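Engineer: Terminal number for the sequence shown in the numbering used here: 471, no gaps in between.
Ideal placement from N, C-alpha and C gives every residue a C-beta, glycine not left out.
Here the structure is a predicted model, which means the values were calculated and not measured.
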Amino acid sequence: MIKRRGSGKMGTEVEVEAGGYVKLPTFLEQGFSDLKREVVAKRICCLCGTCVAFCDKIKINEREDGGEPGFVEDYDTVCGLCYAFCPRTFLPLSEIERRIFGEEQKEVFGVYRSCYAVRSKKEDIKGQDGGAVTSLLAYALDAGMIDCAVITTADDHWKPVTKVAKNYESLKEGAGTKYTLYPGVVGVKEAMEAGCENIGFVGLPCQIQGLRKVQTAEQPYEVGKEK
Numbered sequence: 245m246i247k248r249r250g251s252g253k254m255g256t257e258v259e260v261e262a263g264g265y266v267k268l269p270t271f272l273e274q275g276f277s278d279l280k281r282e283v284v285a286k287r288i289c290c291l292c293g294t295c296v297a298f299c300d301k302i303k304i305n306e307r308e309d310g311g312e313p314g315f316v317e318d319y320d321t322v323c324g325l326c327y328a329f330c331p332r333t334f335l336p337l338s339e340i341e342r343r344i345f346g347e348e349q350k351e352v353f354g355v356y357r358s359c360y361a362v363r364s365k366k367e368d369i370k371g372q373d374g375g376a377v378t379s380l381l382a383y384a385l386d387a388g389m390i391d392c393a394v395i396t397t398a399d400d401h402w403k404p405v406t407k408v409a410k411n412y413e414s415l416k417e418g419a420g421t422k423y424t425l426y427p428g429v430v431g432v433k434e435a436m437e438a439g440c441e442n443i444g445f446v447g448l449p450c451q452i453q454g455l456r457k458v459q460t461a462e463q464p465y466e467v468g469k470e471k
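1) Where does the unbroken alpha helix (DSSP H) through Ile369 begin, and where does it stop?
2) Among residues of its own chain, excluding the 5 on either side of Ala376, which ones have a beta-carbon nearer than 7 Å to its beta-carbon?
3) Confirm, please, whether the CB-CB distance from Leu385 to Leu415 is below 9 Å.
4) Starting from the C-beta of Glu441, find all residues in its chain whose C-beta is less than 7 Å away, skip the five residues before and the five after it, and write them out in chain order.
5) In the DSSP assignment, the beta strand (DSSP E) including Lys331 goes from what residue to what residue?
6) Please report the straight-line C-alpha distance between Cys330 and Val430, rounded to a whole angstrom.
7) Tell me whether the stretch 332-346 and the stretch 446-461 touch, counting them as touching only if at least three CB pairs, one residue from each stretch, are closer than 8 Å.
8) What does the alpha-carbon distance come out to for the pair Thr460 and Ile304?
9) In the DSSP assignment, find the unbroken beta strand (DSSP E) run with Ala398 in it and report its ends.
10) Go through the stretch 368-452 residue by residue and report every complete run of the beta strand (DSSP E) that reaches 3 residues or more, in order.
11) Under the rule that 16 or more other beta-carbon atoms within 10 Å means buried, what is Pro449, buried or exposed?
12) According to the neighbour-count rule (16 or more other Cβ atoms, all chains shown, within 10 Å of its Cβ), is Glu316 buried or exposed?
13) Thinking C-beta only, is Gly447 closer than 9 Å to Val394?
14) In whole angstroms, give me the CA-to-CA distance for Cys295 and Pro313.
15) Which same chain residues, not among the five before or five after Cys290, have their C-beta less than 6 Å away from its C-beta?
16) By a C-beta neighbour count over all protein chains shown, 10 Å radius and 16 as the cutoff for buried, is Gln288 buried or exposed?
17) Let me know the secondary structure DSSP gives Lys286 once reduced to three states.
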């Protein structure tokens with residue numbers, strides 16, 4: 245016998261024959277239809293690209309005023325990873341902080357070890373704010389800490405473009421601020437498909453929030469390897 249006990253944002257508890265309770269993962273409860281109603285239709289989608297990165301059935305439908313995610317085929321009712329990973333459906337910050345940092349935020353700046361004002365010593369980096377991020381990524385690549393870095397470059401019309409950088413010259417293309425929303429998390433999918441395992445990522449807060457939800461998800465299969 246299986247009987248529903250209660251539900252919440254992180255899952256539903258059901259009673260099984262043995263008398264115990266198990267928690268079903270969120271993605272079995274809500275899907276793209278819920279995401280479309282609660283996020284897309286209300287125009288609160290931040291175009292982070294997390295749903296597109298981890299579901300081959302979703303794409304970004306471009307519009308003059310930006311874009312929105314949409315399904316490329318019939319909705320699959322047994323999967324709702326898009327809803328579970330979207331940073332606009334629910335965001336359990338305290339739980340994410342405990343899982344990632346081992347503690348919750350106590351200061352306005354978040355969880356950190358130390359704060360510094362820095363500037364890159366590399367003269368060929370023309371960073372708008374000192375080039376520190378580009379230099380840190382270059383060090384991580386050189387030290388073997390990451391296999392690649394997902395960055396955002398710009399085309400001839402200043403439209404953001406995701407790039408998987410595997411060397412210093414490629415990293416420099418992502419230096420500087422981009423002032424247009426872009427589904428940068430899609431680059432993580434491209435990096436995984438290229439065989440990269442340790443992936444550095446530079447993005448906006450909403451994109452980082454989506455990836456943190458992926459990173460801390462308790463799912464019965466490996467995200468990105470089985471979809």
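Structural biologist: Short version:
1) Mapped onto the sequence shown, residue 369 falls at position 125. Note, Ile369: premise wrong, no alpha helix (DSSP H); not H, not E.
2) Working through the sequence shown from its first residue, we reach residue 376 at position 132. Answer for Ala376: Val362, Arg363 and Ser364, listed in chain order.
3) Within the sequence shown, numbered from 1, the residue matching residue 415 stands at position 171. Within the sequence shown, numbered from 1, the residue matching residue 385 stands at position 141. It is a contact, given that the beta carbons lie within the stated cut-off.
4) As a position in the sequence shown, residue 441 is number 197, starting the count at 1. Cβ neighbours of Glu441 beyond the five flanking positions: Asp391.
5) Here residue 331 refers to the residue found at position 87 of the sequence shown. Note that residue 331 is Pro in the sequence shown, not Lys. First-last for Pro331: undefined, no H or E at that position.
6) Within the sequence shown, residue 330 is the residue found at index 86, counting from 1. Within the sequence shown, residue 430 is the residue found at index 186, counting from 1. Cα-Cα distance, rounded: 13 Å.
7) yes
8) Residue mapping note: residue 460 aligns to position 216 of the sequence shown, counting from 1. Residue mapping note: residue 304 aligns to position 60 of the sequence shown, counting from 1. Their Cα atoms are separated by approximately 25 Å.
9) Taking the sequence shown and counting its residues from 1, the one referred to as residue 398 is at position 154. Where Ala398 is concerned, the enclosing beta strand (DSSP E) stretches over Cys392 to Ala398.
10) 392-398, 404-409 and 443-445
11) Start at 1 with the first residue of the sequence shown, and residue 449 comes out as number 205. Pro449 should be labelled exposed.
12) Numbered from its first residue, the sequence shown carries residue 316 at position 72. In the sequence as presented, Glu is not what sits at residue 316; that position holds Val. With fewer than 16 Cβ atoms within 10 Å of its Cβ, Val316 is classed as exposed.
13) The residue labelled residue 394 in the question sits at position 150 within the sequence shown. The residue labelled residue 447 in the question sits at position 203 within the sequence shown. Yes, these two residues count as a Cβ contact at 9 Å.
14) Along the sequence shown, read from residue 1 onward, the residue named residue 295 stands at position 51. Along the sequence shown, read from residue 1 onward, the residue named residue 313 stands at position 69. If I take the Cα positions, the gap works out to 8 Å.
15) To locate residue 290, count along the sequence shown from 1; it is residue 46. Closer than 6 Å at the Cβ level, and outside the excluded window around Cys290, lie Cys450.
16) Walking along the sequence shown from the start, residue 288 turns up at place 44. What sits at residue 288 in the sequence shown is Ile, not Gln. Exposed is the call here.
17) The residue given as residue 286 occupies position 42 in the sequence shown. Note: Lys286 maps to coil in three-state DSSP.
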